[in-house]
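In my numbering, the protein residues as written are 1040 to 1654. The beta-carbon is built from N, C-alpha and C at its ideal position, and this holds for glycine as well. All values reported here derive from a predicted model rather than from experimental measurement. A short worksheet on the structure shown next.
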Amino acid sequence: MRVKPIAGIVLGGLILGGAYVTFKDDIAALWNNLHVKIAEYPLPKKTVWLDQGIAKEKLSWYYHADQGTRTFGFPYEWFMALEQPTIPWLILTKVDDFSETAYLDRYGFIPDTIIPGKKELPIGFAKGGPMLDPSGAPWKNPRTKEAMNGIGLTCAACHTGRFTYKDTAVVIDGGPALTSLFTMKQGMGVSLLLTRFIPTRFNRFAEKILGPDSTVADREALKDQLSQVLKQYGDVQALEKGVASQSVLEGYGRLDALNRIGNQVFSIGLNKPENYAGSTAPVHYPRIWNTPWFDWLQYNGSIMQPMVRNAGESLGVSAELNLTDPSKGLYKSSVNVEQLYEMEQMIKGNTQPNAKDGFPGLRSPKWPGDILPPIDQKLADKGAELYKTHCQECHRPPVSSAAFWDFNNKDWWRKNEAGEPILKVENVPISHIGTDPAQAADMISRTVALPADLGIDKSGFADALGAVVANTVNYVFDQKKPPASPADRQRIDGYMPNELRGELAYKVRPLNGVWATPPYLHNASVPTIEHLLGDPNDRPKKFYLGNREYDPEKLGYKFDKIENGFELDTSIRGNSNRGHEFRKDFSKDKEIKGVIGPALSADDRKALIEYLKTL
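Okay, here's the thing in structure tokens:
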């Protein structure tokens, strides 16, 4: 009597087994596409903020000030309603919210607890005003017909650092983030897909968005909206696949920001697939303290004007921009120019830099001797002499020294249009410094095709981007009632002209706070300062990004294997760890590409590291 059921089970098993053998590659591909790999971290017992000259209330505003970005392509209300991109064994059961800070923390986004008890999104997330849907129309809730709000990332998402030491997390404002933005976008895509096609999951989502009394028509309209967003995600994924052979993986703490800005503006924004470029030169997020007082910004020293730099960043993380429909106003955008100006002013400060007070605004962090091992001052004094010998020529004297503030030195200082002192940063040729050239070279070589009605007669990437961003900002100025005056435009532009350049060179800057900015070189290819100062052949060829634990002796993150971390392979173009080398064959009389000084003994490296902690 039981033969038939048993036989059926056996037969069913054979069929499933055969199906798996036949389709195992397809099943594996599907699983990989639906399985988002992100690291897990132990929770610190406490999180501390260092005093960097900005009040906590101001920082709290800065973390969430809306720049007009719509990074994820769907509304804030959806973000709060989405579930995490996981499939439980019991497929119909509820999954935790995507917006949980502990979950977003795994992508590197820092929980905002700077004001205890104040419930906030993670640092760098901003709830915005009404947004447009994928068709370009105002986004409406299908049931209430009310406008829905945008959500996007701000500059704080990429320029707020953090490390842990033992049980304490330390936040570094203006420091390089450890985020994995591309992975989070992948996670959102999977979450949207599961929401659209798993009925119970969709029902929970719909109830949050539409309420319990929604109609069938309301829910079908919501499904249509989900399908539109998924199509957008699919279109971008197809573009990524098209350039995959030229692309370099980014991972935690790295982003090919300029190429991605270009893709958002010139390919997605213009609906021109031919303008889409691979991420060929990921860089480590740069530190931003003191930057409003520099004449050139970006690793390759390519952008001068603060507003072009900041508005370009907003467009890169998907601020709305009309480049295709003249009837709606070309260059009409959601970019919040006034907010960007206020954020830049917070970082800049309200006074001018001077020898007594140093740089105003956001200050570089001081070594926290109450958390990390205290500085050995005797050893640091020895390191100070080594700094003069080996570092000062390019990186200038320490900002705490009187020598740094020699405003009569015209090689070091100039004035902006308001008469304020501006530090002239040097662009060191790659032929000398010897570091990976991809970031600078690819920006020089990239070209874009533009429609004639944009009025931009430029095909070079840098010039075209500078013109688009300037036109976007000018559109905002012109739409003000009354239009912004020349004086207001000059003030908001930071009293600097819209100048761009492309050179096979990388910018050098003062080293204050450098201890808090690992990994090193522009592409994050060297994990610690100890490795940077030592034998270049001892630099790890492969190591992991994603660790947060700080090494106070070597000055860097731990870099051993971490589950679901990112393995950086320095043999890949764009990831090279060579250059900026101290070697035995150094000669003052004969330049060797990439060699900047003689080999340093272990004792000298230790002393120099100790001194760098004091900056």
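Handout entry: Whole-angstrom distance between K1652 and G1408, CA atom to CA atom
Key = Within the sequence shown, the letter at position 369 stands for residue 1408. Within the sequence shown, the letter at position 613 stands for residue 1652. The straight-line gap from Cα to Cα measures roughly 10 Å.
Exercise for the section: Tell me whether T1199 sits in a helix, a strand or coil according to DSSP, three-state version. Expected result: Your numbering for residue 1199 matches position 160 in the sequence shown. Three-state DSSP puts T1199 in a strand.
Practice task
Flag this pair as touching only if the segment 1327-1337 and the segment 1498-1510 have three or more C-beta atom pairs under 8 Å; answer yes or no.
Solution key: no
Practice task
Would you tell me roughly how many angstroms separate the C-alpha atoms of A1503 and G1633, rounded to the nearest one?
Solution key: Position 464 of the sequence shown, counting from 1, holds the residue named residue 1503. Position 594 of the sequence shown, counting from 1, holds the residue named residue 1633. So the alpha carbons of these two residues sit roughly 32 Å apart.
Practice task
Report buried or exposed for T1254, applying the criterion of at least 16 other Cβ atoms within 10 angstroms of its Cβ.
Solution key: Taking the sequence shown and counting its residues from 1, one reaches residue 1254 at position 215. The residue in question, T1254, is exposed, as its Cβ has fewer than 16 Cβ neighbours within 10 Å.
Problem - 8 Å contact criterion, which G1191 and T1140 should meet: CB distance rounded - result: For the purposes of this step, residue 1191 is identified with residue 152 of the sequence shown, where counting begins at 1. For the purposes of this step, residue 1140 is identified with residue 101 of the sequence shown, where counting begins at 1. The pair is not a contact, with the Cβ atoms about 17 Å apart (cut-off 8 Å).
Practice task
Determine, using beta-carbon pairs with one atom in the segment 1312-1323 and one in the segment 1148-1155, whether at least three such pairs fall under 8 Å.
Solution key: no
Handout entry: Sub-8 Å separation of I1211 and L1089 beta-carbons
Key = Residue 1211 sits at position 172 when you count from the first residue of the sequence shown. Residue 1089 sits at position 50 when you count from the first residue of the sequence shown. A contact, by the Cβ cut-off of 8 Å.
Problem - Within 8 Å, strictly: CB atoms of G1505 and N1537 - result: Sequence index remark: in the sequence shown, residue 1505 carries index 466 (1-based). Sequence index remark: in the sequence shown, residue 1537 carries index 498 (1-based). The answer is yes: Cβ separation under 8 Å.
Problem - Cut-off 6 Å between Cβ atoms - residues of its own chain near S1306, not counting five sequence neighbours on either side - result: One-based indexing of the sequence shown puts residue 1306 at position 267. Contacts found: N1314, Y1315.
Practice task
Ignore the nearest five residues each way along the sequence and tell me which others in M1482's own chain have a CB closer than 7 Å to its CB.
Solution key: As a first step, residue 1482 must be located in the sequence shown, where it is residue number 443. L1297, N1339, S1341, F1500, A1501, G1541, listed in sequence order.
Exercise for the section: Could you please give the first and the last residue of the uninterrupted beta strand (DSSP E) stretch that includes L1462? Expected result: The count along the sequence shown starts at 1 and reaches residue 1462 at position 423. Where L1462 is concerned, the enclosing beta strand (DSSP E) stretches over 1460-1462.
Practice task
Give the range of the alpha helix (DSSP H) segment to which Y1380 is assigned.
Solution key: The residue labelled residue 1380 in the question sits at position 341 within the sequence shown. It spans 1376-1387 - the alpha helix (DSSP H) in which Y1380 sits, taken as one unbroken run.
Exercise for the section: Give the straight-line distance between the Cα atoms of A1641 and G1228, rounded to the nearest whole angstrom. Expected result: Along the sequence shown, read from residue 1 onward, the residue named residue 1641 stands at position 602. Along the sequence shown, read from residue 1 onward, the residue named residue 1228 stands at position 189. Taking the straight line from one Cα to the other gives about 49 Å.
Practice task
Going by DSSP, name the residue or residues bridged to V1087.
Solution key: Residue numbering aside, residue 1087 sits at position 48 when the sequence shown is read from its first letter. Note: V1087 sits in a beta bridge opposite V1209.
Handout entry: Separation of V1438 from G1388, as counted between CA atoms
Key = Working through the sequence shown from its first residue, we reach residue 1388 at position 349. Working through the sequence shown from its first residue, we reach residue 1438 at position 399. Spanning the two alpha carbons is a distance of roughly 16 Å.
Handout entry: Cβ pair R1622, P1575 closer than 8 Å
Key = Counting from 1 along the sequence shown, the entry for residue 1622 is found at position 583. Counting from 1 along the sequence shown, the entry for residue 1575 is found at position 536. Yes, these two residues count as a Cβ contact at 8 Å.
Handout entry: L1097 burial status per 10 Å Cβ neighbour count (16 or more: buried)
Key = The residue you call residue 1097 lines up with position 58 of the sequence shown. The question names Leu, but residue 1097 in the sequence shown is Lys. Exposed: under 16 other Cβ atoms inside 10 Å.
Handout entry: Beta-carbon proximity check, R1201 vs I1130, cutoff 8 Å
Key = Locating residue 1201 in the sequence shown gives position 162, where the first residue counts as 1. Locating residue 1130 in the sequence shown gives position 91, where the first residue counts as 1. Taking 8 Å as the Cβ cut-off, R1201 and I1130 do not qualify as a contacting pair.
Practice task
Identify every run of the alpha helix (DSSP H) within the segment 1269-1352, keeping only runs that are complete inside it and at least 4 residues long; order them along the chain.
Solution key: 1296-1301
Practice task
Give the straight-line distance between the Cα atoms of V1304 and G1355, rounded to the nearest whole angstrom.
Solution key: For this step, residue 1304 is matched to residue 265 along the sequence shown. For this step, residue 1355 is matched to residue 316 along the sequence shown. When rounded, the distance between both Cα atoms is 7 Å.
Exercise for the section: Compare the C-alpha of I1472 against each of S1373, E1459, Y1102, R1617 and name the closest. Expected result: What you label residue 1472 is simply residue 433 of the sequence shown in a count that begins at 1. That would be R1617, whose Cα lies nearest to the Cα of I1472.
Exercise for the section: Evaluate contact between the segment 1106-1123 and the segment 1167-1180, counting only Cβ atoms and requiring at least three cross-stretch pairs below 8 Å. Expected result: yes
Practice task
Can you say whether H1561 is buried or exposed, counting buried as having 16 or more other CB atoms within 10 angstroms of its CB?
Solution key: Here residue 1561 is taken as the residue at index 522 of the sequence shown, counted from 1. By the 10 Å Cβ count, H1561 comes out buried.
Exercise for the section: Could you tell me the distance, in whole angstroms, from the CA atom of Q1658 to the CA atom of S1284? Expected result: Within the shown structure, residues of the chain are numbered from 1040 to 1654, placing residue 1658 beyond reach of any answer.
Exercise for the section: Could you spell out where the alpha helix (DSSP H) holding I1472 opens and where it closes? Expected result: The sequence position of residue 1472 within the sequence shown is 433, counting from 1. Residues 1469-1472.
Exercise for the section: Would you list the one or two residues that DSSP bridges to G1595? Expected result: Residue mapping note: residue 1595 aligns to position 556 of the sequence shown, counting from 1. T1567, D1590, per the DSSP bridge assignment.
Handout entry: Cα-Cα separation, W1406 to P1413
Key = What you label residue 1406 is simply residue 367 of the sequence shown in a count that begins at 1. What you label residue 1413 is simply residue 374 of the sequence shown in a count that begins at 1. So the alpha carbons of these two residues sit roughly 8 Å apart.
Handout entry: Assigned exposure category for H1198 - 16 Cβ within 10 Å defines buried
Key = Numbered from 1 along the sequence shown, position 159 holds the residue referred to as residue 1198. Per the 10 Å Cβ criterion, buried.
Practice task
Consult DSSP for L1584 and reduce its assignment to one of helix, strand or coil.
Solution key: In the sequence shown, counting from the first residue as 1, residue 1584 sits at position 545. In the structure shown, L1584 sits in a strand (DSSP, three-state: E or B).
Exercise for the section: Within the same chain, show all residues whose beta-carbon is closer than 7 Å to that of R1578, passing over the 5 residues directly before and after it, in chain order. Expected result: As a first step, residue 1578 must be located in the sequence shown, where it is residue number 539. Excluding positions up to five away in sequence, the list reads V1565, H1570, N1616.
Exercise for the section: Whole angstroms is fine: what's the gap from S1470's alpha carbon to G1613's? Expected result: Position 431 of the sequence shown, counted from the start, is the residue given in the question as residue 1470. Position 574 of the sequence shown, counted from the start, is the residue given in the question as residue 1613. Roughly 16 Å between the two C-alpha positions.
Exercise for the section: Kindly identify the DSSP beta-bridge partner or partners of G1636. Expected result: Taking the sequence shown and counting its residues from 1, the one referred to as residue 1636 is at position 597. According to DSSP, G1636 bridges with F1621.
Handout entry: Touching by the beta-carbon criterion (3+ pairs, under 8 Å), the segment 1363-1377 and the segment 1318-1325
Key = no
Practice task
For T1108, name the three-state secondary structure that DSSP assigns.
Solution key: Taking the sequence shown and counting its residues from 1, one reaches residue 1108 at position 69. Reduced to three states, the DSSP call for T1108 is strand.
Exercise for the section: Round the Cβ separation of I1669 and N1586 to the nearest angstrom and send it over; I've been treating them as touching at under 8 Å. Expected result: Not covered by the structure: residue 1669. The range shown for the chain is 1040 to 1654.
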